[in-house]
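> Could you have a look at this structure, given as structure tokens, before my questions?
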Amino acid sequence: MSPITRRTAFTSAGLAMLGSSLAAETNVPASNDHRLNVRDFGTKADQTTDDTAAFQAAIDAAHAAGGGSVFVPPGMYRLNGTLIVKLNVTLEGIFTAPPTIPWTAESLAKGAPNGSVLLTFAGKGDASATPFIQLAYNATVKGIAVFHPEQTDTNPPIAYPWTISSQLSGADNCSLIDVLLVNPYQAVDFGGRHTGRHFIRNLNAAPLHRGLFIDHCIDVGRVENVHFWPFWGATGGAAEYRRKHGKAFIIGRTDWQHLTNCFCIDYETGFQFIACSSPAAAYQGGGNAMITGGGADTCNRAVHVVEMQGHSGTRFVNSQIYGDIIVEATNNAPLQFSACGLFGSVHAANGIGLARIEGGGKVSFTDCHIHCLDPRNTARTLIHAKSGRLQVRGCDFIDGALPREHIVLDEGVQSANISDNTSRTSFTVTNKAKGKTVVRGNLSEQPSSVPSSGK
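Quick note, the sequence shown lines up with residues 783 to 1237 if you use my numbering.
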């Protein structure tokens, strides 16, 4: 069956067409409501018996009945293979929020936690293997925890495929709700195939290599309350690997992507924006995103922009960014930070104290407070614009003991507006730009400071 049209009109005719399509897919009326229990299909939940076949049988039965919920009672279920959550099926455990459990081999050996826990052994050693859980159109995973018992706290850790993925053809409308992924090598892939109208709410995970990948979305994805924090592998070899190679949020082609209250800590890259690699014309280029209440803490590159959608770009609002902001020469889209706390580099590994800007897009910092927290951040220049367009307006620079060059404009800068900022020390702008610039109204709290001038 060809994928259901992603923008089916909600008219009587449109709904009738959608109902007919779903009924044809399942061969039963689409309105049939069904709830099944994996225990009734022979699961053992004894940590040694492979329950994969029983899980898939329950999912298949729900799908054949027109869709519904497959309930996973409390227990620890070993799954050596992979699962496909089919059309209109919800795989549902008991959690109503991501749980917190002492996830160590010793604690788990003492008995099952009071929850719905899947122990996955699939794809060990092969990052490109079939994902553990694949979602079909309208499929949901809810109230589940997933643990990789054979993962090691080493550098590098053991590679595994994506834990949850929408890679099945036509997998729009996929949802994750109240899910915990304890120690995935790769957590959630909502980008391998088209993933319009995806929905993620309340996802906690400690991904070691990749966190959340979004791509191939041309119809408004929504992501809420995602927390990537190293509650597993916080200090050992896995942590070393994560700090050097780990990426938390990777955003490709997506239209009107909403990310609300999404946080990560201790990754090489916090938020990365890239172009879609699909040859299909409909997915070419980068995406646009609205990030509200976001956080990237102690990341080498807290924000890394390779390419975004040229006419829209990305906005960070009321977010906290601790790490470098790097905008590559390949980007020609706008990037905005509004009412954000920007806390500088972790250790100035990229040669700047906060941001390096290239490309043809406009980068704006408006009503932000900027403070380099880390004593290892010894870079003199805070914001270095090598090309493109820059606006820094109404920001408060909370300087530390080290002298700083607040803003450096290189010759390639096409335009800049540096105005109405305040600084605890003498506010400095090094202006070598050949484009038009405005530098005015910047207030230094030191009485002896000399205002900067521009052209």
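Beta carbons are placed, not taken as given, at the ideal position from N, Cα and C, and that holds for glycine.
#1: For residue 1162, which of 1019, 1186, 1018 and 828 has the nearest alpha-carbon?
#2: Checking 8 Å against the spacing of the C-beta atoms, do residue 970 and residue 936 come in under that value?
#3: Measuring straight from C-alpha to C-alpha, what distance separates residue 931 and residue 1207?
#4: Roughly how many angstroms separate the alpha carbons of residue 1052 and residue 1030, rounded to a whole number?
#5: Of all the options 1141, 1106 and 1151, which has the alpha carbon lying nearest to the alpha carbon of residue 1129?
#6: Between which two residues does the beta strand (DSSP E) carrying residue 872 extend?
#7: Going along the chain, which residues of its own chain have a beta-carbon closer than 6 Å to the beta-carbon of residue 1108, five neighbours each way excluded?
#8: Helix, strand or coil for residue 1282 per DSSP?
#9: Apart from the five residues on each side of it in sequence, which residues of its chain come closer than 6 Å, Cβ to Cβ, to residue 1033?
#10: Where do the N-terminal and C-terminal ends of the alpha helix (DSSP H) with residue 1168 fall, by residue?
#11: Terminal residues of the continuous alpha helix (DSSP H) containing residue 1023?
#12: Between residue 862 and residue 825, what straight-line distance do the alpha-carbon atoms span, to the nearest angstrom?
#13: Report the CB separation of residue 1140 from residue 1170 in whole angstroms; it is logged as a contact under 8 Å.
#14: Quick one: what's got a C-beta closer than 8 Å to residue 1067's C-beta in the same chain, skipping five residues either side?
#15: Would you decide whether residue 1184 is buried or exposed? Buried here means 16 or more other CB atoms lie within 10 Å of its CB.
#16: Kindly list the residues whose CB is nearer than 7 Å to the CB of residue 954, restricted to its own chain and excluding five residues on each side of it in sequence; keep chain order.
#17: Report the residue ranges of all alpha helix (DSSP H) runs contained in full by the segment 827–884; include only those spanning at least 4 residues, in chain order.
#18: Can you list, in chain order, the residues of its chain whose CB lies under 6 Å from that of residue 1146, leaving out five sequence neighbours each side?
#19: Using only alpha-carbon positions, find the residue among 1209, 986, 1148 and 1062 that is nearest to residue 1227.
#20: If the criterion is Cβ atoms closer than 8 Å, does the pair residue 1192 and residue 1168 meet it?
#21: According to DSSP, is residue 1004 part of a helix, a strand, or is it coil?
#22: Distance, Cα to Cα, residue 813 vs residue 1155?
#23: Can you tell which of 950, 968 and 923 has its C-alpha closest to the C-alpha of residue 939?
#24: Nearest-angstrom Cα distance between residue 868 and residue 956?
#25: Residues in the same chain with beta-carbon distance under 6 Å from residue 1224, minus the five sequence neighbours each way, listed in chain order, please.
#26: Look up residue 1102 in the DSSP assignment and give the residues it is bridged to.
#27: Below 7 Å CB to CB, which residues in the same chain sit around residue 1218 once its five sequence neighbours on both sides are set aside?
#28: What span of residues does the beta strand (DSSP E) with residue 1039 cover, start to end?
#29: Closest by CA to residue 1012, which one among 1002, 1006 and 1024?
#30: When DSSP builds the beta bridges, which residues end up paired with residue 925?
#31: Compute the Euclidean distance between the alpha carbons of residue 925 and residue 1045, then round it to the nearest angstrom.
#32: Which parts of the segment 959–1016 are runs of the beta strand (DSSP E), unbroken and 3 residues or longer, counting only runs that do not cross its ends?
#33: How many angstroms separate the CA atom of residue 853 from the CA atom of residue 949?
#34: Measuring straight from C-alpha to C-alpha, what distance separates residue 809 and residue 846?
#35: Helix, strand or coil for residue 1035? Go by DSSP, reduced to three states.
#36: Which term fits residue 815, buried or exposed, when burial requires 16 or more other beta carbons within 10 angstroms of its beta carbon?
On the basis of the coordinates in this document:
#1: 1186
#2: no
#3: 53 Å
#4: 5 Å
#5: 1106
#6: 871–874
#7: 1083, 1086 and 1138
#8: With the chain covering only 783 through 1237, there is no way to say anything about residue 1282.
#9: 996, 1055, 1069 and 1071
#10: Element bounds for residue 1168: not the alpha helix (DSSP H) but the beta strand (DSSP E), 1163–1175.
#11: 1019–1027
#12: 13 Å
#13: 6 Å
#14: 1035, 1057, 1058, 1089, 1091 and 1092
#15: exposed
#16: 788, 919, 976, 977, 978 and 979
#17: 834–846
#18: 1118 and 1173
#19: 1209
#20: yes
#21: strand
#22: With a pLDDT of only 37 at residue 813, under the threshold of 50, the placement of this residue in the model should not be trusted, and no figure is reported.
#23: 968
#24: 10 Å
#25: 1203 and 1209
#26: 1077 and 1123
#27: 1197
#28: 1039–1042
#29: 1024
#30: Answer by DSSP bridge pairing: none, since residue 925 is not bridged.
#31: 20 Å
#32: 968–972, 981–987, 992–996 and 1004–1010
#33: 23 Å
#34: Confidence at residue 809 is low in this model, with a pLDDT of 39, below 50, so its placement is unreliable and the value that follows should be read with caution. Straight-line Cα distance between these residues: approximately 7 Å.
#35: coil
#36: Any answer about residue 815 is weak, because its pLDDT of 45 lies below 50 and its placement is not dependable; what the coordinates show is given next. So residue 815 ends up on the exposed side.
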